[in-house]
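Anchor point for the sequence shown: position 254 equals 243 in the numbering used here, and the numbering is continuous, going up by one each time.
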Amino acid sequence: MNPFDREYHELMKKIMDDGKYKGDRTGTGTYSIFGHQMRFDMQHGFPLLTTKKVLFRMLATELIWFIRGDTNIRFLLQYNNNIWNEWAFKNWVESEEYSGPDMTNFGIRAQQDDAFKETYKEEMESFKQRILEDDAFADKYGDLGNVYGRQWRAWEGPDGSFTDQLKDVVESIRSNPDSRRHIVTAWNPAEIDTMALPPCHAFFQFYVNDGKLSLQLYQRSGDVFLGVPFNIASYALLLHLVARECNLEAHEFIHTLGDAHIYSNHLDAVETQLARDGFTPPRIKINSDRSMFELEYEDLEVVDYESHSYIKAPIAV
-10 MNPFDREYHE LMKKIMDDGK YKGDRTGTGT YSIFGHQMRF DMQHGFPLLT TKKVLFRMLA
50 TELIWFIRGD TNIRFLLQYN NNIWNEWAFK NWVESEEYSG PDMTNFGIRA QQDDAFKETY
110 KEEMESFKQR ILEDDAFADK YGDLGNVYGR QWRAWEGPDG SFTDQLKDVV ESIRSNPDSR
170 RHIVTAWNPA EIDTMALPPC HAFFQFYVND GKLSLQLYQR SGDVFLGVPF NIASYALLLH
230 LVARECNLEA HEFIHTLGDA HIYSNHLDAV ETQLARDGFT PPRIKINSDR SMFELEYEDL
290 EVVDYESHSY IKAPIAV
């Protein structure tokens, strides 16, 4: 098995063997460990997992969305990226303007009631269409508040001034590579209540040595089956983009997790994945000379990606 899939499989096995059952805010329940670190060396390729298919389009368009400082799901929906839909939809169905079928606890109910699942799918499709076609509706219900993009690109200080953390860290890497302050934080305590979902991948730091750039992420909470494979590839891609921006070689992505958990309704899916062997990792290619701040999804290419089939599992909201 390639080193990327092996690191990830070891985390899943550790949780399955040692994880303790815990309740959670979604009511689903998890098996959880606290404190785990994985290391991914870019000399082995690009860490897009191969023991199940991981949709590069989804993680790459989300990363571009972050880099642009965007917080509205309309951009994502234009690329058929649905990974943030549930949080925006929740704001809509809990609003005074919503008058459709009762969507209380839609995430759990859709797993338990086939008739409700069909109603939920119809309401979600209608919601998505309105986001794409109705500017006023999108502005009000497509926006997720001050989530990642806002914090990365327009962190608001107590005096009302704004800091572009991402551009500042690029300039810091270029001008003072040995600094220990190459840091971007999405965790803004004063604005947690303004976010549809408080940041899970909360804090990251760059490190320069011998012309090589490394990146360490601290993730306070990791949905290991659904979310973490995206986080691994997303931050590896960010590492490549920043290294390219600073004329450095992408070296190592270090992924440090706080509460690493598997949802109780993902256990069968995890067992399916653990039974698989991996393929040779793909490579990442950037087909543009433009700055990372101007890149489009179409500028990015994953080369020679071979994987097992996608494994479905429900998202907990």
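Heads up, the beta-carbon is just placed ideally off N, CA and C, and yes, glycines get one too.
field: Assigned secondary structure, residue 43 (DSSP; H/G/I helix, E/B strand, else coil)
entry: Coil, per DSSP.
- prompt: In terms of alpha-carbon separation, which member of 255, 180 and 27 lies closest to residue 0?
  reply: Checking every option, the nearest Cα to that of residue 0 belongs to 27.
- prompt: So, residue 342 versus residue -6, is the Cβ gap smaller than 9 Å?
  reply: Because the chain in this structure spans residues -10 to 306, residue 342 falls outside the shown range and cannot be described.
message: Using C-beta distances below 8 Å, list every residue in its chain close to residue 200, excluding the 5 sequence neighbours before and after it, in chain order.
response: Correct list, in chain order: 237 and 238.
message: In this structure, how does DSSP classify residue 132 when only helix, strand and coil are distinguished?
response: It is a strand residue.
- request: Apply the 10 Å Cβ neighbour rule to residue 131 and answer buried if 16 or more other Cβ atoms are within range, or exposed otherwise.
  value: With 16 or more other Cβ atoms within 10 Å, it is buried.
message: Threshold first: 4 residues or longer. Then list the alpha helix (DSSP H) segments lying entirely within the stretch -1 to 29, N to C.
response: As far as the stretch -1 to 29 is concerned, it has no whole alpha helix (DSSP H) run of at least 4 residues.
message: Whole angstroms are fine: how far does the CA of residue 94 sit from the CA of residue 283?
response: Across the structure, residue 283 and residue 94 are spaced so that their CA atoms are roughly 39 Å apart.
query: Roughly how far, in whole angstroms, is the beta-carbon of residue 83 from the beta-carbon of residue 96, given that I think they are within contact range, below 8 Å?
result: Residue 96 and residue 83 do not touch by the CB rule: their CB atoms are close to 13 Å apart, not below 8 Å.
task: Compute the distance between the beta-carbons of residue 140 and residue 214, then report whether it is under 9 Å.
output: Residue 214 is positioned such that its CB atom lies no closer than 9 Å to that of residue 140.
query: Quick check: the stretch 292 to 302 against the stretch 27 to 40, are there 3 or more CB pairs under 8 Å?
result: Contact check between the stretch 292 to 302 and the stretch 27 to 40: three or more CB pairs, one atom from each, fall below 8 Å, which counts as touching.
- prompt: Is residue 250 closer than 9 Å to residue 13 when the C-beta atoms are compared?
  reply: Yes.
- request: Report the three-state DSSP secondary structure of residue 182 (helix, strand or coil).
  value: The answer is helix: DSSP assigns residue 182 an H, G or I state.
- prompt: Straight-line CA distance for residue 172 to residue 196?
  reply: When the Cα atoms are used, residue 172 and residue 196 turn out to be separated by approximately 9 Å.
field: Between the CA atoms of residue 204 and residue 228 - distance to the nearest angstrom
entry: Each residue's Cα considered, the two are about 6 Å apart.
field: Nearest-angstrom Cβ-Cβ length linking residue 221 and residue 190, presumed shorter than 8 Å
entry: Taking a contact as a CB-CB distance under 8 Å, the pair residue 221 and residue 190 does not count as one, their CB atoms being some 10 Å apart.
- prompt: Should residue 117 be labelled buried (16 or more other beta-carbon atoms within 10 Å of its own) or exposed?
  reply: Label assigned to residue 117: buried.
field: Buried or exposed (CB count within 10 angstroms, at least 16 for buried), residue 211
entry: Residue 211 should be labelled buried.
- prompt: In the DSSP assignment, what are the bridge partners of residue 203?
  reply: Answer is 196.
- prompt: In terms of alpha-carbon separation, which member of 34, 114, 174 and 223 lies closest to residue 271?
  reply: Among 34, 114, 174 and 223, the Cα nearest to that of residue 271 is on 34.
query: If you count every other CB in all the chains shown that lies within 10 Å of the CB of residue 142, and 16 or more means buried, which is it?
result: Burial call: buried.
- prompt: If we ignore side chains and look at the alpha-carbon of each, how far apart do residue 64 and residue 137 end up?
  reply: Going from the Cα of residue 64 to the Cα of residue 137 covers about 14 Å.
query: Distance, Cα to Cα, residue 79 vs residue 264?
result: Near 35 Å, if we compare the C-alpha coordinates of residue 264 and residue 79.
field: Length of the line joining the Cα atoms of residue 107 and residue 152
entry: If you draw a straight line from the Cα of residue 107 to the Cα of residue 152, it comes to about 44 Å.
field: Host beta strand (DSSP E) of residue 244 (start-end)
entry: Counting along the chain, residue 244 sits inside the beta strand (DSSP E) bounded by residues 238 to 252.
query: What did DSSP end up calling residue 289 once you bin it into helix, strand or coil?
result: If DSSP states are grouped into helix, strand and coil, residue 289 belongs with the strands.
- request: With a 10 Å radius around its C-beta and 16 neighbouring C-beta atoms as the bar for buried, classify residue 125 as buried or exposed.
  value: With fewer than 16 Cβ atoms within 10 Å of its Cβ, residue 125 is classed as exposed.
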